[in-house]
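Take a look at the structure below.
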Amino acid sequence: MGFHHSLLRFSGIVSFSLFIVACSSKQIQEPDLPERAYYDKAQQALEENLPSTAIKHLKDLDSRYPFGEFSARAELDLIYAQIEAGDFIAAHATAERFVKNRPEHDSVDYAYYMRALSTYKGAESLMSRYLNLDPSERDSKELSKAFNELADFTSRYPNSAYAPDAKARMYYLREMVSRHELQVAHYYLKRKAPLSALRRSQEVIQHYPSTHSVEEALAISVQSYNDLEQTDLAQTNLAVLKQSFPNSTYLDNDGNFIPLKLPNDADPGFLYWVTFGLID
Numbered sequence: 314m315g316f317h318h319s320l321l322r323f324s325g326i327v328s329f330s331l332f333i334v335a336c337s338s339k340q341i342q343e344p345d346l347p348e349r350a351y352y353d354k355a356q357q358a359l360e361e362n363l364p365s366t367a368i369k370h371l372k373d374l375d376s377r378y379p380f381g382e383f384s385a386r387a388e389l390d391l392i393y394a395q396i397e398a399g400d401f402i403a404a405h406a407t408a409e410r411f412v413k414n415r416p417e418h419d420s421v422d423y424a425y426y427m428r429a430l431s432t433y434k435g436a437e438s439l440m441s442r443y444l445n446l447d448p449s450e451r452d453s454k455e456l457s458k459a460f461n462e463l464a465d466f467t468s469r470y471p472n473s474a475y476a477p478d479a480k481a482r483m484y485y486l487r488e489m490v491s492r493h494e495l496q497v498a499h500y501y502l503k504r505k506a507p508l509s510a511l512r513r514s515q516e517v518i519q520h521y522p523s524t525h526s527v528e529e530a531l532a533i534s535v536q537s538y539n540d541l542e543q544t545d546l547a548q549t550n551l552a553v554l555k556q557s558f559p560n561s562t563y564l565d566n567d568g569n570f571i572p573l574k575l576p577n578d579a580d581p582g583f584l585y586w587v588t589f590g591l592i593d
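At position 113 of the sequence shown (counting the first as 1) the number is 426 in our numbering, and the numbers step up by one without a gap.
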C-alpha cells in the first residue's frame, strides 16, 4: 500500500507540474495579432509617452512581419521610441540598419537625421558626468561624432525638412566643442603648462574660426606665448586680436594686453558650459 500510495502521489505531482508548465507556455506564447494591431498598439503607447511599451510592440511587429506593410514605418518609429527611452546606442544601431537596408526609401533622410540625433543626445547626456571630471579628462569625441553625423546628413539632404534643425544643432555643437577646448586650456594655464594651453587655443583658432570662442583663444595664445617667453609670436597673436576684436575685454584703452583672470576653480561649472561662457 505504501508503494502504491507513493506512486500515486508522485504521479499527481508530475501531472500538476505538467499542468503548470502548460499554463505558463500558454501565457508566454501569445497568439499573433494582425500586423496593423501591433502598429496601432505602438502608436498608442507613443501617444501616452510610454516608449518602452512602444518598443515592445514594434519589435513584436518586426519579428512577426519583417516584410509587412508597416515594417519600414515600424522601424523608423522604433528609432524614435529608443531615443525617447534614452537608449541612444540602440537607436543609432536601428538607424544604421535602416539606411543600409533601405537606401532608396522615401524617408531615408529621416533615418540619417535620427542616427545623428541619437549620437547628439548621447553626447548631451555626458554633460552631467563632465561635472565630476577635471577638464583635461573630458572627452569631446562624442560631440565631434555628433557634429560629423549631422554634417553628413545636411550634405546628403540639404533640402530635407530636418536640415534646419540639424544645422542649428551643428552650430550648438561647434560652440560646445570650442568651449571644451578653452576649458582645457584654462586648466593648463592654471597649472603652469602654457605649451599644452597653447595647443588647445590654436585648435580653436584653426578649426572653429566662426565660434564665439576665438577671441578668448587668441588671448590664451598671447598669454601662453608670453609665458613661454616667445615674445614675437605673442605680439603676432596680439596683433590679430586687436584687428579682429578691437573692443576686446583682453585689451586696455591703449591696446595693451590684459592677462586672463583665471577662476580659483579651473571649472566654472555647468552654466558656463551650456551658455558658452555667458554665465559663470
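Ideal placement from N, C-alpha and C gives every residue a C-beta, glycine not left out.
Cβ-based burial, residue i [other Cβ within 10 Å; buried from 16]
i, result
"threonine 524", "buried"
"serine 376", "exposed"
"serine 537", "buried"
"lysine 574", "exposed"
"threonine 467", "buried"
"alanine 481", "exposed"
"glutamate 542", "exposed"
Sequence-distant residues of its chain with Cβ nearer than 8 Å to residue i (five each side left out)
i, result
"arginine 487", "Phe460, Tyr521, Ser523, Thr524"
"histidine 370", "Tyr351, Tyr352, Lys354, Ala355, Ala358"
"valine 412", "Val421, Ala424, Tyr425, Arg428"
"tyrosine 378", "Glu348, Tyr351, Ser384"
Own chain partners of residue i with C-beta closer than 6 Å, once the 5 adjacent residues on each side are dropped
i, result
"glutamine 367", "Sequence check: residue 367 is alanine here, not glutamine. These residues qualify, in order along the chain: Ala355, Ala358, Leu359, Ala394."
"phenylalanine 383", "Glu348, Tyr352"
"alanine 498", "Ala510, Arg513, Ser514, Ile533"
"serine 453", "Val490, His493"
"proline 507", "Ser537, Asp540, Leu541"
Endpoints, alpha helix (DSSP H) assigned at residue i
i, result
"isoleucine 533", "527–540"
"leucine 260", "No answer is possible for residue 260: it lies beyond the span of the chain, which begins at 314 and ends at 593."
"isoleucine 518", "507–520"
"glutamine 548", "544–557"
Beta-carbon proximity list for residue i, same chain, < 7 Å, skipping 5 on both sides
i, result
"alanine 398", "Pro364, Ser365, Ile368"
"alanine 547", "Val535, Tyr538, Asn539"
"alanine 408", "Ile392, Ala424, Met427, Arg428, Ser431"
"arginine 415", "Ala385, Val421"
Anticipated Cβ contact below 8 Å, residue i with residue j, distance rounded
i, j, result
"lysine 372", "isoleucine 396", "With 8 Å as the limit, lysine 372 and isoleucine 396 do not qualify as a contact, their Cβ atoms being about 15 Å apart."
"tyrosine 426", "serine 457", "Their Cβ separation, rounded to whole angstroms, is 18 Å, which puts tyrosine 426 and serine 457 out of contact at 8 Å."
"glutamate 528", "phenylalanine 558", "5 Å"
"asparagine 550", "leucine 531", "6 Å"
"aspartate 422", "tyrosine 470", "4 Å"
Residue-level contact to chain D via CB, residue i, 7 Å cutoff
i, result
"phenylalanine 570", "In the structure shown, chain D cannot be found, because there is only a single protein chain."
Within the region 409–441, ranges of the alpha helix (DSSP H) (whole runs, at least 4 residues): 421–438
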